[in-house]
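For the sequence shown, this note's numbering begins at 74 and goes up steadily by one.
Every residue gets a Cβ at the ideal spot worked out from N, C-alpha and C, and that includes glycine.
Only a predicted model underlies this, so the values are computations on that prediction, with no experimental measurement involved.
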Amino acid sequence: MTSVMVPPCEAQPAHPGADWILRLEEANSRPQEEVGAIFADRPVLVLPHGGPRLAVLDAGDGWLRAIGRYRPYTGAAMIDVDAARMTTHVVLPANDELGGRWADWLARTFFASRMLASGWQMLHASAVVINRRALLFVAGSRGGKSTLAYRARSELGAVFLADDLVLIGPGRTVVGWPTRIAIPEELITGVPAMESERRRIIFSPSDLRSGTDCSGPAPLGAVVIIKPGGREAPSAAHTDEREALGLATDIPGQRLHTSDLLGLMGRPQVTCPGLQFDGFGDAPVIELRIGDMAALPTAGVWAALSGLLSYLEES
């Protein structure tokens, strides 16, 4: 948990003492039938993308008790919040690896809700660092963000920053948000895939960081928006930032997933001040046109982006 959340910690000054304490222990989960009956008898908060679901068992002035399932088929976790002691106590289902991810989710919620509340903006983008500056790749779902980030790391020697989400804050500092990464199998194996056989390999945040040089916070250097169409060979040109901004900030599900709606980690967060984000500043925004998106794992994108790469290396 600590290694995954280090980048946001580095970007914010340290404070004396603890803002909040997360206490963890394991115990046998309640029987599935009993848990199913609890969820059937009361309102349930279901977070996007098939994520955690929560049912409040009891609540009072400054305290809350909830039961949660990380997925519908996992064991149940008991969550007790005590605002007076600034503590969340979680009893995780024993011997249930997936159910045990509550600890990781609650830690992310703590940092995300506080960063969003203090003016950081969440963007849907992958990112690498070149010459100590962040290069963001923006695209629609399955539009090539992860592929180019992985290629930049392996082919350009870039340092990995984020796969799917970044937070950009004061001074346009960029930090990577820990999410899974889906890489085309052919980039891992080196064997070209037939269109009908294209598969992706999933890496967890800890998998990706294990033995990998990952970057901490970095100032924004440039933005590349990936778009299908155009000539057969990839082409690149400067473009207005508005389309990239609109695409990167249209993520209500991700914001909901990282907002502390029930105050489980001490501060309910239902608004997004970061929506006032004022753009990419002086960072160049480049439109990268890909004639054949299926060829993205091997297309000559770096030749098309050579001017941008030279700019980053000289900055």
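- Task: Using only alpha-carbon positions, find the residue among Met-338, Met-366 and Pro-116 that is nearest to Ala-39.
- Result: Since the first residue of the chain shown is 74 and the last is 388, residue 39 is not available in this structure.
- Query: Across which residues does DSSP place Glu-98 in a beta bridge pair?
  - Reply: Val-164
- Query: Between the segment 240-248 and the segment 187-199, do at least 3 Cβ pairs fall closer than 8 Å?
  - Reply: yes
- Query: Count the other CB atoms within 10 Å of the CB of Thr-161; is the residue buried (16 or more) or exposed (fewer)?
  - Reply: buried
- Message: Which residue wins for smallest C-alpha separation from Gly-364, given the options Glu-305, Gly-173, Gly-135 and Pro-116?
- Response: Glu-305
- Query: When you compare only the Cα positions, how much space is there between Pro-292 and Tyr-223?
  - Reply: 20 Å
- Message: Between which residues of its own chain and Gly-373 is the CB-CB distance below 7 Å, once the five residues before and five after are set aside?
- Response: Ala-306 and Pro-307
- Task: Check Ile-152 in the structure and name its three-state DSSP category.
- Result: strand
- Message: Distance check for Arg-315 and Ile-152, CA to CA, integer angstroms please.
- Response: 42 Å
- Query: According to the neighbour-count rule (16 or more other Cβ atoms, all chains shown, within 10 Å of its Cβ), is Thr-220 buried or exposed?
  - Reply: buried
- Query: If you draw a straight line from the alpha carbon of Gly-44 to that of Val-117, how long is it in whole angstroms?
  - Reply: Past the boundaries of the shown model lies residue 44; the chain is included only from 74 to 388, so the question cannot be answered.
- Name the two residues that bound the continuous beta strand (DSSP E) containing Pro-331. Here the sequence assigns Thr to residue 331, which means Pro is not the residue at that position. Neither: Thr-331 is in no beta strand (DSSP E) and is coded neither H nor E.
- Task: Please work out which residues of its chain come closer than 6 Å, Cβ to Cβ, to Pro-357, disregarding the five sequence neighbours upstream and downstream, and give them in chain order.
- Result: Ala-295
- Item | For Arg-144 and Ala-100, the rounded distance between their alpha carbons | 18 Å
- Separation of Ser-388 from Leu-229, as counted between CA atoms: 16 Å
- Message: When you compare the CB of Ala-149 with every CB in chain B, is at least one pair closer than 9 Å?
- Response: No chain B appears in this structure, which consists of one protein chain only.
- Beta-ladder partner(s) of Asp-131, from DSSP: Arg-138
- Report all residues from its chain with a CB closer than 8 Å to the CB of Gly-326; omit the five preceding and five following residues, and keep chain order. Pro-121 and His-122
- Query: What is the DSSP secondary structure of Ile-203, reduced to helix, strand or coil?
  - Reply: strand
- Message: Determine whether the beta carbon atoms of Ile-140 and Ala-132 lie at a separation below 9 Å.
- Response: no
- Query: Would you report the Cα separation of Val-119 and Leu-335, rounded to the nearest angstrom?
  - Reply: 12 Å
- Message: Starting from Ala-309, trace the beta strand (DSSP E) in both directions and tell me its first and last residue.
- Response: 308-311
- Provide the residue(s) that pair with Phe-112 in DSSP beta bridges, ordered along the chain. Note: Phe-112 sits in no beta bridge, so no partner.
- Kindly list the residues whose CB is nearer than 8 Å to the CB of Trp-25, restricted to its own chain and excluding five residues on each side of it in sequence; keep chain order. Because residue 25 is not part of the residues shown, which for the chain are 74 to 388, the question remains open.
- Item | N- and C-terminal bounds of the beta strand (DSSP E) containing Thr-371 | Note, Thr-371: premise wrong, no beta strand (DSSP E); not H, not E.
- Item | Beta carbon of Glu-360 nearer than 9 Å to that of Ala-321 | no
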